[in-house]
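Working notes for the structure below.
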Amino acid sequence: MRSATGESPRQERSLEKQVNTTTVLDRLFYWLTVAFAIAVVAILLWIGFQIGSTALPAIRTYGIQFLTTTTWDPVRNIYGALPQIYGTLVTSAIALIIAVPVGVGVAVFLSENFLPNQIRTPIALAIELIAAIPSVVIGLWGIYILIPFLLPFYRFLYENFSWIPLFSTPPRGNSLLTLGIVLAVMILPTIIAISRGSLVALPRDLRQGAMAMGATRWETIIRVLIPAAFSGIVGSIMLALGRAMGETMAAAMLVGNSNQITPSLIAPGATIASLIASQFGEAGRSQVAALLYSGLILLILTFIVNVLAEIIIQKFQNVE
Amino acid sequence: MAGAQDQMDASGRLDLTRSARSPFRNVFGIIMTVLTAGFTILTIVPLVAIVYDVARQGLSRLSLDSFTQLPPPPGLEEGGFGNAIVGSLIVLGIAAAISVPIGVLASVYLSEFGRGTKIAYGVKFATNVLAGVPAILCGLFAYSLVVVFTGGFSAFAGGVALSVVMLPIVVRATEEGLLLVPQEVRQAAIGLGATRFQTVMRVVIPAALPSIATAVTLAVARAGGEAAPLLFTALNNNFWSTDLWQPIATLPVLIYFYAIIPFKAQQEIAWAAALVLLAIILIVSISSRLLTRQKIY
Chain A
23 MRSATGESPR QERSLEKQVN TTTVLDRLFY WLTVAFAIAV VAILLWIGFQ
73 IGSTALPAIR TYGIQFLTTT TWDPVRNIYG ALPQIYGTLV TSAIALIIAV
123 PVGVGVAVFL SENFLPNQIR TPIALAIELI AAIPSVVIGL WGIYILIPFL
173 LPFYRFLYEN FSWIPLFSTP PRGNSLLTLG IVLAVMILPT IIAISRGSLV
223 ALPRDLRQGA MAMGATRWET IIRVLIPAAF SGIVGSIMLA LGRAMGETMA
273 AAMLVGNSNQ ITPSLIAPGA TIASLIASQF GEAGRSQVAA LLYSGLILLI
323 LTFIVNVLAE IIIQKFQNVE
Chain B
1037 MAGAQDQMDA SGRLDLTRSA RSPFRNVFGI IMTVLTAGFT ILTIVPLVAI
1087 VYDVARQGLS RLSLDSFTQL PPPPGLEEGG FGNAIVGSLI VLGIAAAISV
1137 PIGVLASVYL SEFGRGTKIA YGVKFATNVL AGVPAILCGL FAYSLVVVFT
1187 GGFSAFAGGV ALSVVMLPIV VRATEEGLLL VPQEVRQAAI GLGATRFQTV
1237 MRVVIPAALP SIATAVTLAV ARAGGEAAPL LFTALNNNFW STDLWQPIAT
1287 LPVLIYFYAI IPFKAQQEIA WAAALVLLAI ILIVSISSRL LTRQKIY
């Protein structure tokens, strides 16, 4: 920066010096923020790299068979994670089957003017608070309150419907179904918050247009509003799925940690996350590698689901 | 939708006294309204049930000793979880010390310098994906990074694991806070000759400070309830410890271990600890949400 005015040379130099330090500081600060912003991306990649490289010995030893075999034997060092992958998918599916209709229904109910605002806001806050409850507290509650409450229903299902494979084993409190129900409660806030947001953000013209055509309120909702907000709703479901698959403490405390594949939902099972949480403490060297391998599988599953969710939601925001 | 045909009377004139809506369409609407209202009540029930049961079970055991005593060995009755409270604070302090500077500076870039750039888009995308990474994998990351490297479980490793959990929350919430500062304030600062550094440090951040503080508190509350990342990083400790390089007890891990062992006294301590943890987290969550409603300028 050159001063064009006719000030004395001495003053000009000191001003230039001052400007220089300020500019340098400004540049430094700018690059510092850039570096830390990129650090966030780097940390994400680093997690994948770190878990992948620590799991490498197990990947070399067990290869693709790890995904298709069912033995988990630390004594003989034979590891296969199929029951855990199966349990992860089944419990997430149960959670989605319960939470999607309920969650979308609640999102619709809270985005319409059925209730005055003074009641709607506290309800929305209460639903957000469910997401804030630590999962270990939900697990504790599940063990001592929810399971004793659910067991009579499981017994009823077993006694009357045991011809259906889903209820074909003697009922156990710690089971895939229990975890699925608890996961549904835990992912509901995600589905409701994002679906409601995308419903509220729709242009008013859509509603007015449908009403002008003679549609009732619910015809408007089902034929116009939900299709228009569909990508936001699907995105919220994908995010919820990612959360359900990765949930650890509730899974470790409620699923029963049993290494088996059974069609029965009232039998104990395991998920990838519950396997890691329950086995890591006593694991020797090669078992740790196997556990990290299963962690890598979980990372890849949740990564795919989350990236898809983000792409869907971003697309929705651009349209809007 | 009913056609106009059935509303014509014999002479071909439109009968406006009859509703165009068939009874089915009205009934369908009523059923859907009742159904979704029922779903809404159903969604609130677990929250009420959990808060009620934790309060009922926890209050019966909670006393001053809970905050000052060590947990009892199996078989004994008297004790508390004072060491786990101290441990949680230490681990959360480490996590905040790592994640807050990174998170705040990253969000300064997102809201002040990089708005609309490809880098900012990528960083936001990565932040959202990072928020979706299961907490237990943050634990595995810290395990293979810190525990393997330093050769043992430690409070520091737990702090690293929780910092990864906190980072995306800090970035997103801080960015939201910074975006709430009106553009005119920045323009005024630049107009007075301030550099970007001066604008951010002396104008934007002070204005957004309440929301940044809320963001950090929310992130700490969220991380404070996480047990999964600590299971094989900070592990647990039955005694008082403030050593960063030794295993340390934390509230969530203590609740987990005491929930799954068959001793009545320990289970009661787990309930009392759950009450303390839940109360802190709910109070922080509610108050921070009420605070963010207020305008900053």
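Those protein sequences? They're chains A and B, same order as listed.
When you line the first sequence up against our numbering, it's residues 23 to 342, in that order.
When you line the second sequence up against our numbering, it's residues 1037 to 1333, in that order.
We put the beta carbon where it would ideally sit given N, CA and C, even for glycine.
Using the beta-carbon count (16 or more within 10 Å), is B:Leu1095 buried or exposed?
To locate residue 1095 of chain B, count along the second sequence from 1; it is residue 59. Looking at its Cβ environment, which holds fewer than 16 other Cβ atoms inside 10 Å, B:Leu1095 is exposed.
Give the straight-line distance between the Cα atoms of B:Gln1223 and B:Val1144, rounded to the nearest whole angstrom.
As a first step, residue 1223 of chain B must be located in the second sequence, where it is residue number 187. As a first step, residue 1144 of chain B must be located in the second sequence, where it is residue number 108. About 16 Å.
Is the Cβ-Cβ distance between B:Ala1251 and B:Ala1209 less than 8 Å?
In the second sequence, counting from the first residue as 1, residue 1251 of chain B sits at position 215. In the second sequence, counting from the first residue as 1, residue 1209 of chain B sits at position 173. Yes, the Cβ-Cβ distance between B:Ala1251 and B:Ala1209 is below 8 Å.
Option in A:Ala59, A:Val124, A:Thr113 with minimal Cα separation from A:Thr270
By one-based count along the first sequence, residue 270 of chain A stands at place 248. Here the closest residue by C-alpha is A:Thr113.
I need the straight-line Cα distance from B:Arg1238 to B:Val1221, nearest angstrom please.
Position 202 of the second sequence holds residue 1238 of chain B. Position 185 of the second sequence holds residue 1221 of chain B. Rounded to the nearest angstrom, the two C-alpha atoms are 11 Å apart.
So, for B:Leu1203: in the same chain, excluding its five sequence neighbours on each side, which residues have a beta-carbon less than 6 Å away from its beta-carbon?
On the second sequence, position 167 is the one that residue 1203 of chain B refers to. Counting only Cβ-Cβ distances below 6 Å, and skipping sequence neighbours, we find Ser1135, Gly1139.
Opening and closing residue of the alpha helix (DSSP H) in which A:Ser217 lies
Counted from its first residue, the first sequence places residue 217 of chain A at position 195. Per DSSP, A:Ser217 belongs to the alpha helix (DSSP H) from 198 to 222.
Flag this pair as yes or no: are the beta carbons of A:Leu104 and A:Ile283 separated by less than 8 Å?
Taking the first sequence and counting its residues from 1, one reaches residue 104 of chain A at position 82. Taking the first sequence and counting its residues from 1, one reaches residue 283 of chain A at position 261. Closer than 8 Å, so yes.
Cβ pair A:Val158, B:Pro1288 closer than 8 Å
Counting from one through the first sequence, the residue named residue 158 of chain A turns up at place 136. Counting from one through the second sequence, the residue named residue 1288 of chain B turns up at place 252. Closer than 8 Å, so yes.
Cβ shell of B:Ala1156 (< 6 Å), same chain only, five flanking positions each side left out
Counting from 1 along the second sequence, the entry for residue 1156 of chain B is found at position 120. Within the same chain, B:Ala1156 has close Cβ partners Leu1146, Gly1150.
Assess contact between the region 189 to 204 of chain A and the region 283 to 300 of chain A, defined as three or more Cβ pairs (one per stretch) separated by less than 8 Å. Is contact present?
yes
C-beta neighbour in chain A for B:Thr1250, strict 8 Å:
Counted from its first residue, the second sequence places residue 1250 of chain B at position 214. By this cut-off, B:Thr1250 is not an interface position.
Keeping to the same chain, check which residues put their C-beta closer than 7 Å to that of A:Leu221; ignore five residues upstream and five downstream.
Along the first sequence, one-based indexing puts residue 221 of chain A at 199. Hits under 7 Å: Ala129, Val130, Ser133, Leu247, Ala251.
Comparing the CB of A:Leu162 with every heavy atom of the ligand FAD, is any distance shorter than 7 Å?
The model depicted lacks the ligand FAD and carries no ligand whatsoever.
Looking at chain B, is there any beta carbon in it that lies within less than 8 Å of the beta carbon of A:Glu304?
Position 282 of the first sequence, counted from the first residue, corresponds to residue 304 of chain A. No, A:Glu304 does not count as interfacial toward chain B.
Quick one: does B:Arg1232 have its CB under 8 Å from some CB of chain A?
What you label residue 1232 of chain B is simply residue 196 of the second sequence in a count that begins at 1. It does; some Cβ of chain A falls within 8 Å.
Under a CB-based cut-off of 8 Å, is A:Ala26 close to chain B?
For the purposes of this step, residue 26 of chain A is taken as the residue at position 4 of the first sequence. Note that A:Ala26 scores a pLDDT of 48, beneath 50, so its modelled location is shaky; the value from the coordinates is reported in the next line. Closer than 8 Å: no.
For the region 249 to 268 of chain A against the region 1156 to 1169 of chain B, do three or more pairs of beta-carbon atoms, one drawn from each stretch, fall closer than 8 Å, so that the two count as touching?
yes
Give a yes or no on whether the C-beta atoms belonging to A:Ala295 and B:Ile1172 are separated by under 8 Å.
The residue you call residue 295 of chain A lines up with position 273 of the first sequence. The residue you call residue 1172 of chain B lines up with position 136 of the second sequence. The Cβ atoms of A:Ala295 and B:Ile1172 lie closer than 8 Å to each other.
Using a Cβ cut-off of 8 Å, pull out every chain E residue sitting near B:Val1207, in sequence order please.
This model lacks chain E altogether, as its protein chains are A and B.
Taking CB distances under 8 Å as the criterion, tell me whether A:Asn328 reaches chain B.
Within the first sequence, numbered from 1, the residue matching residue 328 of chain A stands at position 306. It does: the Cβ of A:Asn328 has a partner Cβ on chain B nearer than 8 Å.
Mapping DSSP to helix, strand and coil, what is B:Asp1089?
As a first step, residue 1089 of chain B is located in the second sequence; it is residue number 53 there, counting from the start. In this structure, B:Asp1089 counts as helix in the three-state DSSP scheme.
Quick check on A:Trp240: buried or exposed, where buried means 16 or more other Cβ atoms within 10 Å of its Cβ?
Against the first sequence, residue 240 of chain A aligns to sequence position 218. The residue is buried, with at least 16 neighbouring Cβ atoms inside 10 Å.
Minimum Cβ-Cβ distance from B:Phe1185 to chain A less than 8 Å
The residue given as residue 1185 of chain B occupies position 149 in the second sequence. Cβ-Cβ to chain A under 8 Å: no for B:Phe1185.
Mind the definition here: the region 1225 to 1239 of chain B touches the region 41 to 50 of chain A only if three or more C-beta pairs lie below 8 Å; say whether that holds.
yes
Between B:Arg1092 and B:Pro1283, what straight-line distance do the alpha-carbon atoms span, to the nearest angstrom?
As a working mapping, residue 1092 of chain B is identified with position 56 in the second sequence. As a working mapping, residue 1283 of chain B is identified with position 247 in the second sequence. Computed Cα separation, rounded: 32 Å.
CB contact check: B:Leu1181 to chain A, cutoff 8 Å
The residue labelled residue 1181 of chain B in the question sits at position 145 within the second sequence. It does: the Cβ of B:Leu1181 has a partner Cβ on chain A nearer than 8 Å.
On a Cα-Cα basis, can you pick out the residue from B:Ile1296, B:Ser1277, B:Ala1259 that is closest to B:Val1320?
Walking along the second sequence from the start, residue 1320 of chain B turns up at place 284. When only C-alpha atoms are compared, the closest one is B:Ala1259.
Please work out which residues of its chain come closer than 7 Å, Cβ to Cβ, to B:Lys1160, disregarding the five sequence neighbours upstream and downstream, and give them in chain order.
For the purposes of this step, residue 1160 of chain B is taken as residue 124 along the second sequence, with counting starting at 1. The answer, listed in chain order, is Leu1146.
Taking beta-carbon pairs under 7 Å, can you tell me which members of the region 1280 to 1302 of chain B lie near chain A?
Those residues of the region 1280 to 1302 of chain B placed with their C-beta closer than 7 Å to a C-beta in chain A are Pro1288, Ile1291, Tyr1292, Ala1295, Ile1296, ordered along the chain.
At least three beta-carbon pairs within less than 8 Å, the region 1097 to 1108 of chain B to the region 1298 to 1305 of chain B
Between the region 1097 to 1108 of chain B and the region 1298 to 1305 of chain B, the count of Cβ pairs shorter than 8 Å is three or higher; the stretches touch.
Tell me where the alpha helix (DSSP H) around B:Asn1164 begins and ends.
Numbered from 1 along the second sequence, position 128 holds the residue referred to as residue 1164 of chain B. It spans 1154 to 1168 - the alpha helix (DSSP H) in which B:Asn1164 sits, taken as one unbroken run.
B:Thr1286 versus A:Ala148: straight-line alpha-carbon distance, rounded
Indexing the second sequence from 1 puts residue 1286 of chain B at position 250. Indexing the first sequence from 1 puts residue 148 of chain A at position 126. Cα to Cα, B:Thr1286 sits roughly 27 Å from A:Ala148.
Close beta carbons around A:Ser308, own chain, < 6 Å, minus the five adjacent residues each side
Translated into the one-based positions of the first sequence, residue 308 of chain A becomes position 286. Answer for A:Ser308: Asn99, listed in chain order.
Three-way DSSP call (helix, strand, coil) for A:Ile186 in this model:
Mapped onto the first sequence, residue 186 of chain A falls at position 164. Per DSSP, reduced to three states, the secondary structure at A:Ile186 is coil, with no helix or strand assignment.
Please classify A:Met23 as buried or exposed, where buried requires at least 16 other C-beta atoms within 10 Å of its C-beta.
Walking along the first sequence from the start, residue 23 of chain A turns up at place 1. Its pLDDT being 42, under 50, A:Met23 is placed unreliably by the model, and the measurement read from it follows with that caveat. Residue burial annotation: A:Met23 is exposed, with fewer than 16 other C-beta atoms found within 10 angstroms of its C-beta.
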